[in-house]
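Every number in the numbering used here is 4 more than the matching position in the sequence shown, counting from 1. Cβ atoms here follow ideal geometry from the backbone N, Cα and C, with glycine treated the same way. Bear in mind that the values here come from a model prediction, so they are computed numbers and not experimental data.
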Amino acid sequence: MPEADYSKKEKNFYTDIPAEKGSFFLKGLNHYDWGMKNRMSSIFNPESGRTVMLAFDHGYFQGPTTGLERIDVSILPLLPYADTLMLTRGILRSIIPPTYQNGLVIRSSGGPSVLKELSNEQIAMDIEEAIRLNAAAMAVQVFIGGEYETQSIHNMTRLIDAGNKYGIATLGVTAVGKDLGKDAKYIRLASRILAELGVTYVKTYYTEKDFDTITAGCPVPIVIAGGKKMPELDALTMAYNAVQQGASGVDMGRNIFQSDAPIAMIKTVREVVHNDLKPNEAYDMYQELKNS
Ligand code: R5P
């Protein structure tokens, strides 16, 4: 587990050779049309080539998550500091001002809640609705190795087909779950499968070991999820290590909105992601902002 690749030859990801990007600033997307590139430029900052996606779609399967009980109170003040929002269409319509101008990544798969088998998702939004809401990307969860693997891949490929027709990106999200892996071998496999099947970019998890082989082996941009709340220094260190090893940014939720000082945290994460601020300096910055 998990790679059924029987070659005895050691794999070589040439992590020291950056991928050729062509004239567009994001890896692997040079051959897309204008609309797709324009939407991706509303998610990623064309100057740094990276993004801080603010994720608060957790309610789509777990209801009022801690920190998201009142999105109007806790999340709206963070909007000016996010490059893009990762959210559900319900929250978009009910709470986000339509004057918001950055990219929107809308959760487009769903179904089961925390009370049921989580991997049994289906497509949860059609392409007309994505166009109506001015989505830059549709996010779909994929359960590689899970019981509903094929169904989730089918959800993803249907969204890719619809999205490509209209120049809307598809963000493939590698799922976590008790039967799914979390090491580099698994994440490499899952990310690559999503990219091979056509996602515009991938969201996955940082691995302490060999993360650079994951980004090198994936022909399109990768952003990392923040995961469970951890001490601020650890979250900033993870973000730093990820971008240094080829991630194109973060899709961070709980480590921002569950922080003691969410505005200080998102401002600091921005410095790490866009300006390569080192973890200890970043932590000092966070403390200063928090106490000011
Ligand atoms: C979870 O419901 C979503 O996929 C989140 O967008 C993702 O996990 C990022 O949020 P966090 O940083 O809290 O893991």
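Secondary structure at residue 253: strand, using DSSP grouped into helix, strand and coil.
Between ligand 1 and residue 144, a heavy atom-to-CB distance of less than 7 angstroms is absent. Distance between residue 83 and residue 267, taken at the CA atoms: about 10 angstroms. Take the alpha-carbon of residue 288 and the one of residue 153: they are about 43 angstroms apart.
Scanning the stretch 35–79 from its first residue to its last, the whole alpha helix (DSSP H) runs of 4-plus residues come out as 38–45, 63–66, 75–78.
Distances from the alpha-carbon of residue 28 to those of 44, 15, 13 put 44 closest. Within the DSSP bridge table, the entry for residue 141 names 109, 173 as partners. Shown here, residue 276 sits in a helix according to DSSP, grouped into three states. Using a Cβ-Cβ distance cut-off of 8 angstroms, the stretch 265–280 and the stretch 51–60 are in contact, since at least three pairs of beta carbons, one from each stretch, lie closer than that value. DSSP, read as helix, strand or coil, puts residue 224 in coil. Cβ-Cβ distances below 7 angstroms link residue 61 to 90, 91, 92, 111 in the same chain, with the five nearest sequence neighbours on each side left out; the list follows chain order.
Scanning 123, 187, 190, 189 for the CA closest to the CA of residue 159 turns up 123. Contact check between the stretch 218–233 and the stretch 249–267: three or more CB pairs, one atom from each, fall below 8 angstroms, which counts as touching. In the DSSP secondary-structure assignment, residue 208 is bridged to 228.
Not a single heavy atom of ligand 1 lies less than 7 angstroms from the C-beta of residue 106.
Apart from the 5 residues on each side of it in sequence, residue 41 sits with its Cβ closer than 7 angstroms to the Cβ of 28, 33 in its chain, given in chain order. For residue 269, the secondary structure class from DSSP, reduced to helix, strand or coil, is helix.
Taking the C-beta atoms as reference points, residue 192 is found no nearer than 8 angstroms to residue 174. Per the C-alpha coordinates, the member of 72, 17, 202 positioned closest to residue 188 is 17. Taking all protein chains in view, the Cβ of residue 296 is surrounded by fewer than 16 other Cβ atoms within 10 Å, so the residue is classified as exposed. In the three-state scheme derived from DSSP, where H, G and I count as helix and E and B as strand, residue 291 is classed as helix. Per DSSP, reduced to three states, the secondary structure at residue 129 is coil, with no helix or strand assignment. For the set 281, 220, 139, the Cα lying nearest the Cα of residue 25 is the one of 220. Taking the Cβ atoms as the reference, residue 167 lies roughly 7 angstroms from residue 131, within the contact range of under 8 angstroms. For residue 241, the enclosing alpha helix (DSSP H) starts and ends at 236–248. Judged by DSSP in its simplified three-state form, residue 167 adopts helix. Here residue 73 is exposed. Its C-beta has fewer than 16 other C-beta atoms within 10 Å.
Counting only the Cα atoms, residue 170 lies some 43 angstroms from residue 284.
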